[in-house]
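Counting from 246, one number per residue, gives the positions in the sequence shown under this note's numbering.
These notes concern the structure reproduced below.
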Amino acid sequence: MAMAMAMADDDEKRIAGEIARVLDECRISLAVHSRKIKELSALRSSAGGPFFRAFSRALTPLFDFPRRTVSSERSIRFVSSFAAHRDGRDTATSDAFLEEFLRFLLLAAASAHRAARFRACQIISEIIMRLPDDAEVSDELWDEVLDSMKQRVGDKVPAIRGFAIRALSRFANGGEDSDIVVLFLETLPGETNSEVRKSIVLSLPPSDMTSEAIITSTLDVSESLRKAAYLVLASRFPLPTLSIKQRSIILQRGLLDRSSSVLNECLKMLKDWLTKCCNGDPIVLLRFLDVETYESVGVLVMETLLKNGMVQEHQSIRQHLASSRTSEEGNGSGIELIEAEVALYWRTLCWHLQSKAQIKGTDAASAMGTEAAIYASEASDNNDLLEAILPATVSAFVDLVKLHLSAGPNHHFTARQLLLLGTMLDFSDLTNRKVASEFVNELLLTPLEFEVDEDGNKIVIGDGISLGGDKEWARAVAELAKKVHASVGEFEAVITGVIKVLAQPCRDRTADFINWMHCLAVTGLLLENINNIWSLKGTGIEPSELLHALLLAGAQQSHTDVQRVAVRCIGLYGLLENRLTGELVTQLRSSFVNGAASVRIMTGKSMLDLLAWHGPQELDKAIGIDISQSNNEKGFISINSLNLMEDTNVGLLDLLYYGLNADNNGELGDADEHESVHSVLAEGFAKILLLSENYPSISTSLHPLVLTRLIKLYFCDETKELQRLKQCLSIFFEHYPALSCIHKRCISTAFIPTVRSFWPGIYGNSSGSSLIVSKMRKRALLVARFMLQMIQVPLLSKESKEDESNKVNSESHSCSLQMSDDFDDGMEGIAIRIAAEVASFSEKKTSAGKSYMLALSRLATSIQFRASEQHSIKCMRNLLNTMSYLVTGDKDIIKEFNLMATRLKSLDKHPDEEISEDQLATIFGKLGLEWNPSITSATFPPTPAQRSARSAPARRQRVRREVSSSDDNDSAEDNAASVSVAPMTASRISGRSQRASKTAAISKMSTKLRTEFLSDNEEDEESDVTAAAEEEPSSE
246 MAMAMAMADD
256 DEKRIAGEIA
266 RVLDECRISL
276 AVHSRKIKEL
286 SALRSSAGGP
296 FFRAFSRALT
306 PLFDFPRRTV
316 SSERSIRFVS
326 SFAAHRDGRD
336 TATSDAFLEE
346 FLRFLLLAAA
356 SAHRAARFRA
366 CQIISEIIMR
376 LPDDAEVSDE
386 LWDEVLDSMK
396 QRVGDKVPAI
406 RGFAIRALSR
416 FANGGEDSDI
426 VVLFLETLPG
436 ETNSEVRKSI
446 VLSLPPSDMT
456 SEAIITSTLD
466 VSESLRKAAY
476 LVLASRFPLP
486 TLSIKQRSII
496 LQRGLLDRSS
506 SVLNECLKML
516 KDWLTKCCNG
526 DPIVLLRFLD
536 VETYESVGVL
546 VMETLLKNGM
556 VQEHQSIRQH
566 LASSRTSEEG
576 NGSGIELIEA
586 EVALYWRTLC
596 WHLQSKAQIK
606 GTDAASAMGT
616 EAAIYASEAS
626 DNNDLLEAIL
636 PATVSAFVDL
646 VKLHLSAGPN
656 HHFTARQLLL
666 LGTMLDFSDL
676 TNRKVASEFV
686 NELLLTPLEF
696 EVDEDGNKIV
706 IGDGISLGGD
716 KEWARAVAEL
726 AKKVHASVGE
736 FEAVITGVIK
746 VLAQPCRDRT
756 ADFINWMHCL
766 AVTGLLLENI
776 NNIWSLKGTG
786 IEPSELLHAL
796 LLAGAQQSHT
806 DVQRVAVRCI
816 GLYGLLENRL
826 TGELVTQLRS
836 SFVNGAASVR
846 IMTGKSMLDL
856 LAWHGPQELD
866 KAIGIDISQS
876 NNEKGFISIN
886 SLNLMEDTNV
896 GLLDLLYYGL
906 NADNNGELGD
916 ADEHESVHSV
926 LAEGFAKILL
936 LSENYPSIST
946 SLHPLVLTRL
956 IKLYFCDETK
966 ELQRLKQCLS
976 IFFEHYPALS
986 CIHKRCISTA
996 FIPTVRSFWP
1006 GIYGNSSGSS
1016 LIVSKMRKRA
1026 LLVARFMLQM
1036 IQVPLLSKES
1046 KEDESNKVNS
1056 ESHSCSLQMS
1066 DDFDDGMEGI
1076 AIRIAAEVAS
1086 FSEKKTSAGK
1096 SYMLALSRLA
1106 TSIQFRASEQ
1116 HSIKCMRNLL
1126 NTMSYLVTGD
1136 KDIIKEFNLM
1146 ATRLKSLDKH
1156 PDEEISEDQL
1166 ATIFGKLGLE
1176 WNPSITSATF
1186 PPTPAQRSAR
1196 SAPARRQRVR
1206 REVSSSDDND
1216 SAEDNAASVS
1226 VAPMTASRIS
1236 GRSQRASKTA
1246 AISKMSTKLR
1256 TEFLSDNEED
1266 EESDVTAAAE
1276 EEPSSE
């Protein structure tokens, strides 16, 4: 028996040696793999049972080697190919070996050894990817393999997760194993490794469930993942299977991506869509994109196709015009209606040819000889092609636009594209210019479209602000008008002539609100397209007449829509003035105070624009407000809403800040459901804070107040539906602290007031049930952590480099304490502010106050100090004494104080040196805090003495008794309690001794009290001493 076992062991060692030799040869070259697989298969068939044991023994060193070298990867590839190879001569042995090997790998995949799990998942994934479809593997084993790989998807090692996902990808077909797809979709958003995310995206099958995840990946920070996402979209998602919105998003993100590799992958996808799904016709591609809704995407796609030569420019646009559907019955003009896609294609193609001709002409002018002749020839060819596809005459162009205008609102988009096309026509001929001028005049005089509701009220179609009810239409009309009337002053003269005609019924008081809005829309078009208000001098309407007779009169109309349009025009008028008119500013203030929600929204925009252009002092100066009063250094002026217009001290900033804080400004406007007065003002103030260097007249002391209000708007429940406001403030908070140290200083100053305003039950803040209070406290802590994250954002400007050099210089002067200049814009400033707030908090005995102090204390202990801030470290070490006394009831926070004290002491370069009161006052002053020596009264202790276990002497107890019983010395009682009641245990941080505390209390007592106390009888003295001795340990 023993001899047989020895022979079997020798046979197994021989087989293991043969396998090791084969593996050794295979790790050197890939060329021998096929031959060695056959050789090893023959050895497996002849060896029988001992083969697998020998094979697993030969592979053991590979499972202990975690590095991915060339030789190890060749060995893994050979082992996987051998296991997946099914020998036609002995299929049963091959299948049995595969099952046994997979079970061996499953054990390794569940191992605690990292390298073993890594190699097991790698080999399993390779086997699964190479396994033929006719392989015989039991269903139970496959279930075990899948369950093991699903478990490895959550492994802490990214490489193991990647191989597990690769192994599962073959089974992620969206059918019976849809749970794998669900697992992938659940893992993708939280995956931190870009390569693993890439593996997931490459493994997702095409379906409605996976398309959103893949499209979302086109915004990933990883360039390779974005590229992989476009590769998957191009190969697995044909163009018709995606929605119009998805197509537009994919193309817009890809064609505007900052990475050239991602852009090239998107171009490949676009080319595949054009050739495979659209037969190379760009018009068909534009039909898939719905250019009427996503015009910018359509223009971007066409410009990309033309730039990369994917569209033949010599193909005449007339072929598409001829294939367009004919006009409606009864139209005898013989001109055909053009589809929206054809109009967009026509316009972008003409712009492309015109820009190429201009570029080549410029190159020809700057070159010489043959090169100049070549460039000139190319420019001439482009101009000839442009003339061939443009309308033959201006009259034909006008007729074409009129046809589409008369065809109804469905052809409004095409008409606008044709107007933009008309800007490329030649109007130098007098006849052509006359025809075009009459057409432009007709467009300007076309009234606004409206509907009549059930009650007979007229409702304007469109935005009610721009000409034709559409901003893009007004812009197209203005571009055509400037092209036709290109002479100096001609454009202003023509538009003011139209305004004079439209304003006549308004002056005669015969115009309804439709006429008013039409006249003001044309006025707005004029003001948007001139550079200075004085360019209107000598035209049909003088600037002063335009302001008083039309704009101010319109703002005083009873109809809300007329007021809204008039206020917008007043804002545009103010931007064009060199010195603001008093009546203009007064009207804006009146509309902001007394107008409806939609009027206040538009007025807020106008006032913020004027503030950004002229500055707040100019607006206040225009109405005679004292500049020094309008910009209070300590804060905004308190405003009484009842006499707001009569208060002459209310400046522009005070008024806007009042609107930002008013409770009734959260309502949405009628014109835009996504805007409110709060959102408009918050966006304006965010811009002011972001560009604070451009507004030196606005005191920096006002910035923290505004920042606090912006944070409250960002986190409050009332604004969660205002997505534009949320997005604007999100971008603001991301960039604001990174631009300047002054901004970080503002965040530090606003920290305590902001957290204080969110905490329920303190300083008059509202409270509620326990559930509501819990939610409010969690939100306050969220706000505090959010602000701490903001102040830790690194600087993007040159200030960051200067700060680094300052740190180096400060650290080089380690011999002496140097007062740092930047602690107030760092975490140290916030820590000191928190300590000062806890020490001076007045509502310590309430439940809300205690929770507030504990929350602030925990935040303070989480703050890390820089070694260069030596004065801040010493200041905080002293403030910890007061904080530890105030929160003595919480043992956890005392432990955290201990850790913080140890950390600060290790950072203190001179822990035995004390910081003077003058230096403390300087630190507090720089932080804008009120210096109170009592806050750090425990800052300068003598050498702490070990607390005695004996009772205190009777004399000291007498003093304590008399002070506690005195009603005339409440302050002395508080001081004595603050130094004697606090427990002097080992957890007390740098606190002074009991002896020093009682000495300080005794020094504050009067001689009269001491004399009266000593004259008491001895019996009362002994009983009081005993009672005090019994109370002291219990209080501690």
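Heads up, the beta-carbon is just placed ideally off N, CA and C, and yes, glycines get one too.
Remember, predicted model here, so these are calculated numbers, not experimental data.
| Item | Value |
| --- | --- |
| Pair within 8 Å by beta-carbon distance, L531 and L598 | no |
| A265 in three-state terms, based on DSSP | helix |
| As assigned by DSSP and simplified to three states, the class of K703 | strand |
| Sub-8 Å separation of I956 and V1028 beta-carbons | yes |
| Inter-residue Cα distance where the pair is R334 and I273 | 28 Å |
| Beta-ladder partner(s) of V680, from DSSP | Per DSSP, none; premise fails for V680. |
| Per DSSP, cross-strand counterpart(s) of F672 | None; F672 has no bridge partner. |
| Where G840 falls: helix, strand or coil (DSSP) | coil |
| Cα-Cα separation, D806 to M669 | 36 Å |
| Inter-residue Cα distance where the pair is L771 and E828 | 21 Å |
| Proximal residues to D309 (C-beta, below 7 Å), its chain only, five neighbours per side dropped | A360 |
| Identity of the residue in S622, A1093, V1083 and I1077 nearest S1014 by Cα | A1093 |
| Simplified DSSP state of V697, which is helix, strand or coil | strand |
| Cα-Cα separation, P1156 to K1150 | 6 Å |
| Delimiting residues of the alpha helix (DSSP H) encompassing V401 | The question names Val, yet the displayed sequence has Lys at residue 401. K401 -> no alpha helix (DSSP H), and no H or E assigned at all. |
| Reduced DSSP secondary structure (H/G/I, E/B, other) of S921 | strand |
| Nearest-angstrom Cβ-Cβ length linking L898 and I868, presumed shorter than 8 Å | No, L898 and I868 are not in contact; Cβ-Cβ is about 14 Å, not under 8 Å. |
| Bounding residues of the alpha helix (DSSP H) (the contiguous stretch that carries M454) | D453 to T461 |
| Assigned exposure category for P306 - 16 Cβ within 10 Å defines buried | exposed |
| Own chain, CB closer than 7 Å to P450, minus 5 neighbours either side, in chain order | A417, N418, G419 and V426 |
| Short Cβ contact (8 Å threshold) for V1083 with M1032 | no |
| Buried or exposed (CB count within 10 angstroms, at least 16 for buried), G849 | buried |
| Residue burial classification, W387 (beta-carbon count within 10 angstroms, cutoff 16) | exposed |
| Status (buried if at least 16 other CB within 10 Å, exposed otherwise) for W779 | exposed |
| M374 classed as buried or exposed, judged by whether at least 16 other C-beta atoms fall within 10 angstroms | exposed |
| At least 3 beta-carbon pairs within less than 8 Å: the region 1119-1133 vs the region 1158-1173 | yes |
| Same chain, Cβ closer than 7 Å to S325, neighbours up to 5 away in sequence not counted | I368, E371, I372 and R375 |
| As assigned by DSSP and simplified to three states, the class of Y539 | coil |
| From R1022, T1147, D644 and E963, residue whose alpha carbon lies closest to that of M1098 | R1022 |
| Span separating the alpha-carbon of S1193 from that of N1126 | Low local confidence applies: a pLDDT of 44 at S1193 is under 50, so the model's placement there is unreliable, and no value is given. |
| 8 Å contact criterion, which L901 and L926 should meet: CB distance rounded | 6 Å |
| Residues near H804 by beta carbon distance below 8 Å, same chain, minus five either side | F758 and W761 |
| C-alpha gap between S611 and Q603, whole angstroms | 12 Å |
| Unbroken alpha helix (DSSP H) run spanning D424, endpoints | S423 to T432 |
| Buried or exposed by the 16-neighbour rule on C-beta atoms within 10 Å, applied to C961 | exposed |
| heavy atom of the ligand ATP below 7 Å from H1116 C-beta | With respect to the ligand ATP, the structure offers nothing, as it holds no ligand at all. |
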